[in-house]
Amino acid sequence: MGGPGVGGTRPGGTGTGAAGAGDDGREAGPPALVDHHCHSVVDGELDDEELAGLLTESDRPPAPGTSPLDSALGLAVRRWCPPVLGLPAHAPAADYLARRRELGAPEATRRLLAAAGLDSCLVDTGLTAAAGRPLLPLPEFAALTGADVREVVRLEALAEALDPAAAAWPGAVRAAVGAAVEGGAAALKSVLAYRHGLDVPAERPTDREVVAAAGARLRSGGGRLTDPVLLRHLLWSAVDACAGRGLPIQLHTGFGDPDLALHRADPALLAGFVRAAEPSGVPLVLLHGYPYHRQAAWLAQAFPQVYADLGLTASYVGPRVAAVLGEMLELAPFGKLLFSTDGYGLPELHLVGAAQFRHGLGALLASWRADGACSAGDVTRIARLLSAGNARRLYRL
Amino acid sequence: MGGPGVGGTRPGGTGTGAAGAGDDGREAGPPALVDHHCHSVVDGELDDEELAGLLTESDRPPAPGTSPLDSALGLAVRRWCPPVLGLPAHAPAADYLARRRELGAPEATRRLLAAAGLDSCLVDTGLTAAAGRPLLPLPEFAALTGADVREVVRLEALAEALDPAAAAWPGAVRAAVGAAVEGGAAALKSVLAYRHGLDVPAERPTDREVVAAAGARLRSGGGRLTDPVLLRHLLWSAVDACAGRGLPIQLHTGFGDPDLALHRADPALLAGFVRAAEPSGVPLVLLHGYPYHRQAAWLAQAFPQVYADLGLTASYVGPRVAAVLGEMLELAPFGKLLFSTDGYGLPELHLVGAAQFRHGLGALLASWRADGACSAGDVTRIARLLSAGNARRLYRL
Amino acid sequence: MGGPGVGGTRPGGTGTGAAGAGDDGREAGPPALVDHHCHSVVDGELDDEELAGLLTESDRPPAPGTSPLDSALGLAVRRWCPPVLGLPAHAPAADYLARRRELGAPEATRRLLAAAGLDSCLVDTGLTAAAGRPLLPLPEFAALTGADVREVVRLEALAEALDPAAAAWPGAVRAAVGAAVEGGAAALKSVLAYRHGLDVPAERPTDREVVAAAGARLRSGGGRLTDPVLLRHLLWSAVDACAGRGLPIQLHTGFGDPDLALHRADPALLAGFVRAAEPSGVPLVLLHGYPYHRQAAWLAQAFPQVYADLGLTASYVGPRVAAVLGEMLELAPFGKLLFSTDGYGLPELHLVGAAQFRHGLGALLASWRADGACSAGDVTRIARLLSAGNARRLYRL
Chain A
24 MGGPGVGGTR
34 PGGTGTGAAG
44 AGDDGREAGP
54 PALVDHHCHS
64 VVDGELDDEE
74 LAGLLTESDR
84 PPAPGTSPLD
94 SALGLAVRRW
104 CPPVLGLPAH
114 APAADYLARR
124 RELGAPEATR
134 RLLAAAGLDS
144 CLVDTGLTAA
154 AGRPLLPLPE
164 FAALTGADVR
174 EVVRLEALAE
184 ALDPAAAAWP
194 GAVRAAVGAA
204 VEGGAAALKS
214 VLAYRHGLDV
224 PAERPTDREV
234 VAAAGARLRS
244 GGGRLTDPVL
254 LRHLLWSAVD
264 ACAGRGLPIQ
274 LHTGFGDPDL
284 ALHRADPALL
294 AGFVRAAEPS
304 GVPLVLLHGY
314 PYHRQAAWLA
324 QAFPQVYADL
334 GLTASYVGPR
344 VAAVLGEMLE
354 LAPFGKLLFS
364 TDGYGLPELH
374 LVGAAQFRHG
384 LGALLASWRA
394 DGACSAGDVT
404 RIARLLSAGN
414 ARRLYRL
Chain B
24 MGGPGVGGTR
34 PGGTGTGAAG
44 AGDDGREAGP
54 PALVDHHCHS
64 VVDGELDDEE
74 LAGLLTESDR
84 PPAPGTSPLD
94 SALGLAVRRW
104 CPPVLGLPAH
114 APAADYLARR
124 RELGAPEATR
134 RLLAAAGLDS
144 CLVDTGLTAA
154 AGRPLLPLPE
164 FAALTGADVR
174 EVVRLEALAE
184 ALDPAAAAWP
194 GAVRAAVGAA
204 VEGGAAALKS
214 VLAYRHGLDV
224 PAERPTDREV
234 VAAAGARLRS
244 GGGRLTDPVL
254 LRHLLWSAVD
264 ACAGRGLPIQ
274 LHTGFGDPDL
284 ALHRADPALL
294 AGFVRAAEPS
304 GVPLVLLHGY
314 PYHRQAAWLA
324 QAFPQVYADL
334 GLTASYVGPR
344 VAAVLGEMLE
354 LAPFGKLLFS
364 TDGYGLPELH
374 LVGAAQFRHG
384 LGALLASWRA
394 DGACSAGDVT
404 RIARLLSAGN
414 ARRLYRL
Chain C
24 MGGPGVGGTR
34 PGGTGTGAAG
44 AGDDGREAGP
54 PALVDHHCHS
64 VVDGELDDEE
74 LAGLLTESDR
84 PPAPGTSPLD
94 SALGLAVRRW
104 CPPVLGLPAH
114 APAADYLARR
124 RELGAPEATR
134 RLLAAAGLDS
144 CLVDTGLTAA
154 AGRPLLPLPE
164 FAALTGADVR
174 EVVRLEALAE
184 ALDPAAAAWP
194 GAVRAAVGAA
204 VEGGAAALKS
214 VLAYRHGLDV
224 PAERPTDREV
234 VAAAGARLRS
244 GGGRLTDPVL
254 LRHLLWSAVD
264 ACAGRGLPIQ
274 LHTGFGDPDL
284 ALHRADPALL
294 AGFVRAAEPS
304 GVPLVLLHGY
314 PYHRQAAWLA
324 QAFPQVYADL
334 GLTASYVGPR
344 VAAVLGEMLE
354 LAPFGKLLFS
364 TDGYGLPELH
374 LVGAAQFRHG
384 LGALLASWRA
394 DGACSAGDVT
404 RIARLLSAGN
414 ARRLYRL
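Written as structure tokens, this is what we have:
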């Protein structure tokens, strides 16, 4: 796993977008977007099946007679992507795939990422491949998106890359997490929800417990980090490393791939940990959340250090994005909700994430305004906070 | 419990509906409907109280001053049924009930079932009475609906009809389930959610465990099958019997009558079983799901062999059907969602289920189209898949 | 804690509202409102920070750069309150706060409470202060609202005010609860959800268990009542005291302040208790429920003695009130859903609660009518039931 080090580099050319995106009310046009959680994209051509396989949370082949493209997400891809490749919106999937091949993956990727209009991207580097192909290194991804790019370090990948003796585990993990923070990471990220579930004891485990768990893991051959004691130690090491620096920790919550026990990814289960970590002042950012996004929103209201996003949900729910975003804004304070695409592997997902968010938020706020629920100034201000302002404040961009 | 044997018989006269319902794009008019999960209707007159009692999931008398007809479902009944009996839509409940009595139950039943416009019905025969009256045998139900009718065999009813010694239980259950499959059942159905909850261990119990549980059940007098070991053995016997035949197993999930522990009917709790049964290839169809329908939809996306329906939810939520259907289509692939009425006892419920689904899906897709989220061709194609195409493919109708 | 004793007193002057609010169809204008669950308001000036602190469920200072006023609830306050103080709707928060100071708290309170147009209020007196200031006594609150005011007695506050020896605990609690009922309480209220969670055994604890738990509590210094055995005994004492009188018990469910374990406040967890208490006939009113309001609605359909409200949810979700109310009416029979503001501390919350409910229910029913889902008569009838009719029947007002 490469160490963090891309922080702050930014290809030129889109600086005006950033300059106009403040909360000062002087901007015309749509607000800039800070994508506070995404991944890089695949380098090279994918066949149609591989491409479709990146448009579903399933890692299995589709059921006979069905296609992942025949879904709410598929509609969103066919809405936003064909025009960027020179086809009409809603072009049939087969036409789109043919046109993509005709242009070639590099040209399609270039067009799709540029069209996303992302001003800054915080990229989780914990996944290094998609559909068996390597993801582009961050400088290349930065050049293609035209965005400022900074790294988010995935905790479990960091720990799995270590190979300490059991007795050295607690210190080695703490040192590695500390180094990631020192190295310029924009945030740390936990996938505890995938590895065990969010239903863990709130308290920090003792080093003695950690050493015992590390020993048991080594005796069973190491590999994927799933022991709840080690996962909690890792998370608390992150809290310690971030404390005093204001560096946020992102946590996956809600739906994901078939590995997940969905009901154990309910962010409400994190409340004990949130309370225990509150004195550290470390911001905790609950990613995705769906279908428990209302629970995530409650946590964001109840606890000052909790933030939330809708993440890949905005893309997956396709035509329903405004309704789901509305659900999240029922309790989430407007200063606490962030934008992200969670784009991974396919550049389509970065464009779709951005377009869905812009369209959904625009439609939602327009409906509020039409109902008399807010003023025109509120619409502008809320859109800027969610699109970029909150992320800039939180990550000090 | 009658054995299966109605499979494939079909009263003539509505064949054109079936012929026009394919996915070939040549059909005008509304798509045909395959009701993949319903029950038969009561034979004979019901008094007003008995009739109202079939319009609620409660089996108790209503609270003082309230009526089950004064509900979202009641509004749907008063919207769709009065015109079929010669009254205006939204006629007061009392007028409707008086008109129904005037026509007589047989004539009202005939009109209501015919108006539902069901092309095929898969009928769960595990319940044989409603409001204390016997349900019509399948051939008569088939004649009244004008639909192809096939049987769905309810596992728990099958097992409760057996009377083996404890030592013979595992084999007797396997034989009975095998016979149901051989006899032409279109699917098997489990009500594990009612009998214990979906929070059971994923693994297949051993025959030794099953014999012990059967012995304990016999010693306590038999009766209703609620022991989780016996229920799991029954479900796994169904998986074994269906494997290699492509025969689906339907599972009740979500809301139902007061017997239910609602939170233990969350389909997310089934994920372990879904994973364990995946190698068998047996399709699992999650019925109803509400208010956990988004969880059911996630399972349908994550696992190739999982399908889902909205079932009786579409009727119960009345004016909200388009919104709830929209929630389900956020994650459920369009090839995985099915239509059913879950009509039971009252022919009103078959008509309302069909009309609600047609209206709700039509309104939802029209709103997507108006928002620019899909093309006119998408609207037609999605409607056909959900209305009939998916069920025909899954049940090989 | 003051004993109940305000029952039935009503300042004159708004009687026509009450007279016109029956279910007889003769009323013009908006239906009267019975607020079946609220609190009193603060006496005296609050600074801006204290005021904002009462517009969130959080008891912490807001995160840097954010404000509780920048939320769905904040939008609702800025929609409904400024016109009452002589400013345009959607006036900036700073302008509103300045105008409020200019008028002075007594005048602002008078205007805001009068504008709420509440016909009757059932006031939970278990909280006696907000933002560290005492709440107005009920007669003064009654005079300001112009409403009939009756008291709801909070069980945990009642028990905590007692100081019996452990052996005397069971009888002392029963006597205190009995006295509250005799003294004219309109209802009793439980905050079990806050003190332990709703996941308690359904059964009534024995006196022996209660004495042991009371002894343990005394040995650990008394204070806040959180022992589940004592909480269950208290709740069952309430059931016993209310049985035969038709007096309802209100239970907090769903979201609230950061103390709460949200997932343990899911009303579905109450089903066992609901079944166990059913023979008593005592009505159980599930307050708020969100984001588990669909579960509360199911309980209200399944069990005759269960009622539900949306409570403070209607205020907190701001522009989304019609959608959330729609979700609740999917399963809740129209005779089972009640109105409340849950206004607490700030008179803004009483006005916002009333205005949000009126607006949201109006918008929802108008959309149903426009969709052809119900008749104009249905709209009027449903609005009257939810606004006042159901509460009058249930609380015998």
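Protein chains in written order, with our numbering: chain A, 24 to 420; chain B, 24 to 420; chain C, 24 to 420. Idealized CB from N, CA, C, for every residue including glycine. If you're wondering where the values come from, they're calculated on a predicted model, not measured in any experiment.
Supposed contact pair residue j and residue i - C-beta distance, whole angstroms, cut 8 angstroms
i, j, result
"Asp282/C", "Tyr339/C", "With a Cβ gap of about 17 angstroms, Asp282/C and Tyr339/C do not count as contacting."
"Ala325/B", "Ala355/B", "Not a contact, Cβ separation roughly 11 angstroms."
"Arg255/C", "Pro290/C", "Between Pro290/C and Arg255/C the Cβ distance is about 17 angstroms, and since that is not below 8 angstroms, they are no contact."
"Ala288/A", "Leu361/A", "About 19 angstroms; that fails the 8 angstroms criterion."
"Leu309/A", "Ala319/A", "4 angstroms"
"His316/C", "Glu350/C", "6 angstroms"
"His62/B", "Leu158/B", "7 angstroms"
"Arg177/C", "Ser260/C", "The pair is not a contact, with the Cβ atoms about 14 angstroms apart (cut-off 8 angstroms)."
Helix, strand or coil at residue i according to DSSP, with G and I counted as helix
i, result
"Cys265/B", "helix"
"Ala225/A", "coil"
"Ser390/A", "helix"
"Glu174/C", "strand"
"Ser363/C", "coil"
"Leu285/C", "helix"
"Val107/B", "helix"
"Gly368/B", "strand"
"His373/A", "helix"
"Ala94/B", "The sequence given here places Ser at residue 94/B; Ala does not occur at that position. Note: Ser94/B maps to coil in three-state DSSP."
"Leu417/B", "helix"
"Pro85/C", "coil"
"His256/C", "helix"
Residue i classed as buried or exposed, judged by whether at least 16 other C-beta atoms fall within 10 angstroms
i, result
"Pro327/C", "buried"
"Ala411/B", "buried"
"Asp70/C", "exposed"
"Ser363/B", "buried"
"Pro84/B", "exposed"
"Asp47/A", "Annotation note: pLDDT 39 at Asp47/A (below 50); position unreliable, coordinate value reported separately. Looking at its Cβ environment, which holds fewer than 16 other Cβ atoms inside 10 Å, Asp47/A is exposed."
"Arg407/A", "buried"
"Glu353/C", "buried"
"Ser81/C", "buried"
Contact list for the segment 99-113 of chain B against chain C, Cβ threshold 7 angstroms: Arg102, His113
Touching by the beta-carbon criterion (3+ pairs, under 8 angstroms), the segment 291-308 of chain A and the segment 261-269 of chain A: yes
I'd like to know if the segment 105-113 of chain C and the segment 362-372 of chain A are in contact, where contact means that at least 3 CB-CB pairs between them fall below 8 angstroms. no
Residues of the segment 230-254 of chain B whose Cβ lies closer than 7 angstroms to any Cβ of chain A, in chain order: none
Take every Cβ of the segment 231-240 of chain B, pair it with every Cβ of the segment 178-198 of chain B, and state whether three or more of those distances are shorter than 8 angstroms. yes
Could you tell me whether the segment 128-141 of chain B touches the segment 167-180 of chain B, where touching means 3 or more Cβ pairs closer than 8 angstroms? yes
Can you find at least 3 beta carbon pairs, one from the segment 341-350 of chain C and one from the segment 380-392 of chain C, that sit closer than 8 angstroms? yes
Relative to chain C, which residues along the segment 275-295 of chain B have a C-beta separation below 7 angstroms, given in chain order? Phe278, Asp280, Pro281, Ala284, Leu285, His286
Contact residues within the segment 330-342 of chain A, judged by C-beta distance below 9 angstroms to chain B: Thr336, Tyr339, Val340, Gly341, Pro342
Note down, in chain order, all residues in the segment 63-96 of chain A with a beta-carbon under 8 angstroms from any beta-carbon belonging to chain B. Thr79, Glu80, Ser81, Arg83, Pro84, Pro85, Ala86, Pro87, Gly88, Thr89, Ser90, Pro91, Asp93, Ser94, Ala95
Sufficient close CB pairs (3 or more, under 8 angstroms) joining the segment 93-100 of chain B to the segment 180-189 of chain B: no
Just by C-beta distance, which residues in the segment 304-322 of chain B are closer than 9 angstroms to chain C? Tyr313, Pro314
Listed from N- to C-terminal order along the chain, which residues in the segment 396-416 of chain C have their beta-carbon within a distance smaller than 7 angstroms of any beta-carbon of chain B? Ala396, Cys397, Ser398, Asp401, Arg416
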